[in-house]
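The structure appears right after this line, and notes come after that.
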Amino acid sequence: MESYGLSEQGPYRAENQDTFRISPEGIGVLAVVCDGMGGAAGGRLASDMAAESFTSFSSISLELSDGSEDEDILRLAVTAANRKIYEFAYDNEEYAGMGTTLVGGVFRPDRALLVNVGDSRAYRISRDGITRLTKDHSLVQQMVDAGELTYEQARRHPRRNIITRAVGTEPFVTSDIFEAPAREGDIFLLCSDGLTGAVEDPELHRLTLAAPDAESACRALIDTALARGTRDNATAVVIIYGKESADNAE
Ligand code: CA
């Protein structure tokens, strides 16, 4: 299994509030992408705290698990991250309201288990196509679900950045879990909306498949988002099944 991650601030933002972590686990890979929000340094801090807390909680628990508890571990890891950020903001007034999206996954040899809160996404990519595995917790997604917007209208909607769930903004958070089969040649992409806002799904598919390895895939995706003039931070983590090689795990 080969993995790589890349995050770029982009020319329009004062700081990069996106964070990612990739850590190799006993059998497989654990990865997470967070997209923070909040004034002062709150957004950056929230995404860092969430990614760190999620990764350390999951790593310890996965070490002790045979795979049957992956779903519980991911949910609890999100709950732990939520609690950590919420309590910090509660104790430090200047950080009030800070929060972050989170999309994370445990990538086992035969399957991937994903967890998400907010509008960062996970995709499964193969020769056969691209599947969005997670569902955004966003205002425009709710409007699409209610039949008020088409997907195309949602992409251009002025309030497309409003998320309806975040990690750290409330005492409790509900996360969603998604499972996908995985086999050699499958590629998983975790990313922030700075990428998906600028690059549409068919192109994510094309760029990822055309790249010779995970690092090139991340570079191609992020470069394309920046070339399109994304006004946001952009982050991609790519996991490719069936290749043995080093990665840039943090
Ligand atoms: Ca963003």
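Numbering (numbering that gives the first Met the number 0), first residue to last: 0 to 249. Beta carbons are placed, not taken as given, at the ideal position from N, Cα and C, and that holds for glycine.
Proximity below 9 Å, CB of residue i to CB of residue j
i: G167; j: M48; result: yes
i: N43; j: G117; result: For clarity, residue 43 is Arg in the given sequence; the question names Asn instead. No; because the gap between Cβ atoms is not below 9 Å, this pair is not in contact.
i: I176; j: I238; result: no
i: G241; j: E183; result: yes
i: T234; j: D109; result: no
i: D212; j: E1; result: yes
i: E24; j: S55; result: no
i: G4; j: A30; result: yes
i: T297; j: R126; result: Nothing about residue 297 can be reported from this structure: the residues present for the chain run from 0 to 249 only.
i: T207; j: L225; result: no
i: Y11; j: T223; result: no
i: S64; j: N115; result: no
i: S137; j: R159; result: yes
i: A257; j: V28; result: No answer is possible for residue 257: it lies beyond the span of the chain, which begins at 0 and ends at 249.
i: E62; j: L112; result: no
i: A181; j: R227; result: no
i: E169; j: Y89; result: no
Opening and closing residue of the alpha helix (DSSP H) in which residue i lies
i: R74; result: 69-90
i: E151; result: 150-155
i: I59; result: 41-62
i: I221; result: 213-226
i: P23; result: Segment 17-24 is the beta strand (DSSP E) holding P23; no alpha helix (DSSP H) there.
i: V114; result: That residue, V114, is in no alpha helix (DSSP H); its beta strand (DSSP E) goes 110-116.
i: T173; result: Taken as a continuous stretch (DSSP letters only), T173 belongs to no alpha helix (DSSP H), as it is neither H nor E.
i: E202; result: 200-209
i: T195; result: 192-195
i: M142; result: 138-144
Residue range of the beta strand (DSSP E) that includes residue i
i: M36; result: 27-36
i: V105; result: 101-106
i: R131; result: 128-131
i: G4; result: 1-7
i: T234; result: 233-239
i: Y122; result: 120-125
Distance cut-off 8 Å: residue i Cβ against heavy atoms of ligand 3
i: G9; result: Ligand 3 is not part of this structure, which contains only ligand 1.
C-beta neighbour in chain D for residue i, strict 9 Å
i: T195; result: No chain D is present in this structure, which holds just one protein chain.
Ligand 1 site residues, beta-carbon cut 6 Å against heavy atoms: D34, S191, D192, G193, D231, N232
Contact the stretch 141-149 vs the stretch 94-108: 3+ CB pairs below 8 Å: no
Cβ contact (3+ pairs, closer than 8 Å) linking the stretch 119-134 and the stretch 71-78: no
Cβ pair count under 8 Å reaching 3, the stretch 181-197 against the stretch 100-113: yes
Three CB pairs or more closer than 8 Å across the stretch 77-88 and the stretch 16-23: no
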